[in-house]
Amino acid sequence: MNWLFESPTIPLFFGALILAVFTAIWVQTQDGRALLGCAAVAFFTASWLAIQYFVVTEVEQIKNTIRSIATLAETGDVEGIVGHISESKPELAEEVRSAFELAEVEKVSIKRNLRATVSEQRGYLSGEARFNAVATIKSRRGGWESRPVPRFFIVQLRKEDNQWRVRSYEARDPREGL
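Next up, the structure:
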């Protein structure tokens, strides 16, 4: 059922198709009912798009969390990133702090292959995000200048206190995401 709310492609496709049919009927017959049908299709399509805008699915929430973490990395807000990590994973939070002591993130680009899935495990909502990203980083200690670092990420999340929090991640060869 989430497919109804996640992509504007579906309502736009069906809306345009049905609108084209009613428009063709109206052009051929000049019947006011066909014009009324055009207006009804336009209204229904706009309503569907408005509902999609306001309904944020779990998958969209995971994607927003990943993008938020990328933005926080660009601004250097380490504690903001740590706020997206599960409290049950203090070692992961410490790993993030250590990494940001060594390197400064200048830019993060999440590629278009960002995919997320949601499942229920042991009464908890769990999620997984898979995507390619390229971070431009430089050493804080002068070891190297800015350089791009591409990776394919697999991020495991869990919904805790009504927010998606990172429980673990893997950074793999970027070719895996192609």
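Heads up, the sequence shown is in my numbering, so the first residue is 673 and it goes up one at a time.
From the three backbone atoms N, C-alpha and C, an ideal C-beta is built for every residue, glycine too.
Note that the structure is a prediction, hence the values are computed from the model and not measured.
Considering only the beta carbon of each residue, do residue i and residue j sit closer than 8 Å?
{"i": "residue 758", "j": "residue 838", "result": "yes"}
{"i": "residue 729", "j": "residue 683", "result": "no"}
{"i": "residue 779", "j": "residue 737", "result": "no"}
{"i": "residue 806", "j": "residue 790", "result": "no"}
{"i": "residue 752", "j": "residue 764", "result": "no"}
{"i": "residue 782", "j": "residue 742", "result": "yes"}
{"i": "residue 843", "j": "residue 823", "result": "yes"}
From the DSSP secondary-structure annotation, give me the bridge partner or partners of residue i.
{"i": "residue 830", "result": "798 and 837"}
{"i": "residue 775", "result": "811"}
{"i": "residue 696", "result": "The partner list for residue 696 (beta bridge, DSSP) is empty, contrary to what the question assumes."}
{"i": "residue 803", "result": "825"}
{"i": "residue 781", "result": "806"}
Under a three-way DSSP split, which group does residue i fall into?
{"i": "residue 808", "result": "strand"}
{"i": "residue 792", "result": "strand"}
{"i": "residue 819", "result": "strand"}
{"i": "residue 770", "result": "helix"}
{"i": "residue 678", "result": "helix"}
{"i": "residue 844", "result": "strand"}
For the alpha helix (DSSP H) that residue i lies in, which residues bound it at each end?
{"i": "residue 720", "result": "704 to 726"}
{"i": "residue 739", "result": "730 to 747"}
{"i": "residue 753", "result": "750 to 754"}
Give me the Cβ distance between residue i and residue j, rounded to the nearest whole Å; I'm assuming they're in contact under 8 Å.
{"i": "residue 768", "j": "residue 750", "result": "7 Å"}
{"i": "residue 710", "j": "residue 691", "result": "6 Å"}
{"i": "residue 828", "j": "residue 811", "result": "Actually they do not touch by this definition, with Cβ atoms about 29 Å apart."}
{"i": "residue 788", "j": "residue 735", "result": "5 Å"}
{"i": "residue 680", "j": "residue 733", "result": "The pair is not a contact, with the Cβ atoms about 18 Å apart (cut-off 8 Å)."}
Looking at the ligand SAM, does it come within less than 7 Å of residue i, judged from the CB to the closest heavy atom?
{"i": "residue 788", "result": "The ligand SAM is absent from the structure shown, which contains no ligands of any kind."}
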